[in-house]
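Working notes for the structure below.
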Amino acid sequence: MEKIQLGKSGLNTSRLIYGCMRITGDNSPSDREKGKQALRSAIEAGYNHFDHADIYAGGLSESLFAEVLKESPGLREQLIITSKAGIRAQDTPKAGDPKCYDFSRDYLVSSVDGILGRLDIESLDLFLLHRPDYLFNAAEVAETFMQLHRAGKVKHFGVSNFTPSQVSLLQSALPVPLQVNQVEINIHNINSFTDGTLDLCQQSGITPVAWCPLGGVAYSAWGNTFSAADEQRIENELSLQAEKYGCQPWQVILAWLLKHPAQICPIIGSTTPERIVAARQSLELDYSREDWYRLLEARNGEAVP
Ligand SMILES: NC(=O)c1ccc[n+]([C@@H]2O[C@H](COP(=O)([O-])OP(=O)(O)OC[C@H]3O[C@@H](n4cnc5c(N)ncnc54)[C@H](OP(=O)(O)O)[C@@H]3O)[C@@H](O)[C@H]2O)c1
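Last residue of the sequence shown? That's 1564 in this note's numbering, and every number before it is there in order.
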């Protein structure tokens, strides 16, 4: 699979990243086996970068991943392993505590220790702050990152769901480059095209990573505001383009994201081996500027001004 440099890290990431949010399913033995099979399929298909968060299935996604790592000695060294933290569940650590974001030093250090324990690895390749803490102190976060780096627990750092100004604020306090901003990008949510997120990524050499890339195509987008007529228009255009490019409509939508010069890396979250493998076809499409704008026009219901 095509690889690109992840930020300025020197690490080469597969252009498609595999997302581990759904791998445990309902945590039954059959769903867990399905999740392991999905991971094996992704590895076999050339995905070398796996995305986690401490909150996925309450940590069970990371421990299931560890089981697959153990199956193949030497596998860990071939992979880029990302995890995220900073979201504290309700009633944690004390009953009555609200759900909140927490970028305090103690919380982040203990979160990384938990992640490393569940993944059963010595160090994370990339650690991301999951969602911006309203109370985040850039200097404290920068010191925490450097402490984690010096301790050999984290090699590289990045953020998720950060606005451009939040990225700039944290970067201004950090002696090392932020490598990634992981944000929602799909046909429904195109905020990153216009709010400066992708501009800053291009300018600063940060890799934009797209979560839920198929939201609004394979399933309803988060906070869906599309009307039935919008969905029909998008579906019609996707069908036309899928026929033209000899692929499936959802592969067109991945090509639409991949076309952006900021080099968006979509995270594939399917647990179906055929889809995990077939997603690679989106990398092969010679997707045109005209079709990119046709799909935007179908999404917006009008031509660009
Ligand atoms: N940073 C953040 O805040 C954040 C938030 C959400 C997610 N994420 C990351 O992003 C990753 C991807 O998100 P996601 O799982 O929502 O991604 P996704 O790849 O957009 O969606 C996957 C879901 O769509 C279904 N699907 C995929 N292709 C389909 C098709 N052709 N037709 C019908 N259904 C299809 C899958 O079902 P099957 O499994 O049955 O194929 C699965 O339920 C996550 O795993 C996680 O790593 C990050």
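Here a beta-carbon is modelled for each residue, glycine too, at the ideal position from N, C-alpha and C.
For the alpha helix (DSSP H) containing residue i, list its first residue and its last residue.
| i | result |
| --- | --- |
| V1563 | No alpha helix (DSSP H) contains V1563, which DSSP labels as neither H nor E. |
| T1456 | 1456-1463 |
| T1453 | 1450-1453 |
| K1503 | 1487-1504 |
| K1293 | 1288-1303 |
| T1484 | Premise fails: T1484 is in no alpha helix (DSSP H) and is neither H nor E. |
| M1405 | 1397-1409 |
If you measure from the beta carbon of residue i to each beta carbon in chain B, is any gap under 7 Å?
| i | result |
| --- | --- |
| R1390 | Protein chains in the displayed structure number just one, and chain B is not present. |
Along the beta strand (DSSP E) that carries residue i, what are the first and last residues, could you check?
| i | result |
| --- | --- |
| F1309 | 1308-1310 |
| F1421 | It is not in any beta strand (DSSP E) - F1421 carries neither H nor E in the DSSP assignment. |
| P1467 | 1466-1470 |
| V1439 | 1437-1443 |
| G1278 | 1276-1278 |
| Q1507 | Per DSSP, Q1507 belongs to no beta strand (DSSP E) and is neither H nor E. |
| T1272 | 1271-1273 |
| I1282 | That residue, I1282, is in no beta strand (DSSP E); it is neither H nor E in DSSP. |
| I1314 | Unbroken run through I1314: none, as it is neither H nor E. |
| I1263 | 1262-1264 |
Alpha carbons only, please: which of the options is nearest the one belonging to residue i?
| i | options | result |
| --- | --- | --- |
| K1267 | W1481, L1516, K1518, L1437 | L1437 |
| A1410 | Q1522, V1371, D1285 | V1371 |
| L1319 | S1287, I1339, N1559, S1424 | S1287 |
| S1486 | N1450, L1265, E1381, R1558 | R1558 |
| D1285 | G1505, I1302, G1317 | G1317 |
| C1471 | I1465, S1529, Q1462 | S1529 |
| Y1546 | Q1296, A1304, R1377, K1503 | K1503 |
| D1454 | I1444, P1423, S1479 | P1423 |
| E1556 | I1449, G1294, L1388 | I1449 |
| S1427 | G1464, L1407, F1452, L1265 | G1464 |
| I1302 | I1444, A1344, A1562, R1539 | R1539 |
| I1263 | Y1315, V1435, C1524, A1344 | C1524 |
| Y1360 | G1373, V1368, E1336, Y1393 | Y1393 |
| C1506 | T1283, A1537, Q1462, G1373 | A1537 |
| L1367 | Q1491, G1482, L1387 | L1387 |
| Q1491 | A1344, G1560, E1443 | G1560 |
| W1481 | A1397, I1444, D1489, Y1306 | I1444 |
Report yes if the C-beta distance between residue i and residue j is below 7 Å; otherwise report no.
| i | j | result |
| --- | --- | --- |
| P1467 | L1459 | no |
| I1346 | I1526 | no |
| I1446 | V1476 | yes |
| A1325 | D1379 | yes |
| R1364 | E1321 | no |
| S1300 | I1535 | yes |
| Q1500 | V1511 | yes |
| L1473 | W1509 | yes |
| A1469 | L1516 | yes |
| C1391 | Q1425 | The question names Cys, but residue 1391 in the sequence shown is Pro. Contact: yes. |
| L1323 | R1281 | no |
| A1514 | S1541 | yes |
| L1385 | H1415 | yes |
| V1327 | K1295 | yes |
Note to self: Quick check: the stretch 1266-1282 against the stretch 1396-1409, are at least 3 beta-carbon pairs closer than 8 Å?
What the structure shows: Segments in contact, no.
Item checked: Segment contact flag, the stretch 1480-1497 with the stretch 1417-1434, C-beta cutoff 8 Å, min 3 pairs -> The count of Cβ pairs closer than 8 Å, one atom from the stretch 1480-1497 and one from the stretch 1417-1434, stays below three, leaving the stretches out of contact.
Item checked: Entirely enclosed alpha helix (DSSP H) segments - the stretch 1510-1555, minimum 4 residues -> Here the runs fully enclosed are 1532-1537.
Next item on the list: Decide yes or no for the touch test of the stretch 1322-1333 against the stretch 1546-1561: beta carbon pairs closer than 8 Å, at least 3 of them.
Entry: Because the criterion of three Cβ pairs below 8 Å is not met, the stretch 1322-1333 and the stretch 1546-1561 do not touch.
Notebook entry, point to check: Can you give, in chain order, each stretch of the beta strand (DSSP E) that sits fully within the stretch 1319-1384 and has at least 3 residues?
Noted result: Entirely contained in the stretch 1319-1384, the beta strand (DSSP E) runs reaching 3 residues are, in chain order, 1339-1344.
Checklist line | the stretch 1438-1452 touching the stretch 1414-1421, judged by at least three CB pairs closer than 8 Å | finding: The stretch 1438-1452 is in contact with the stretch 1414-1421.
Check: Are at least three pairs of beta-carbons, each pair with one atom in the stretch 1294-1311 and one in the stretch 1339-1359, less than 8 Å apart?
Finding: Taking 8 Å as the limit for Cβ pairs, the verdict is that the stretch 1339-1359 does touch the stretch 1294-1311.
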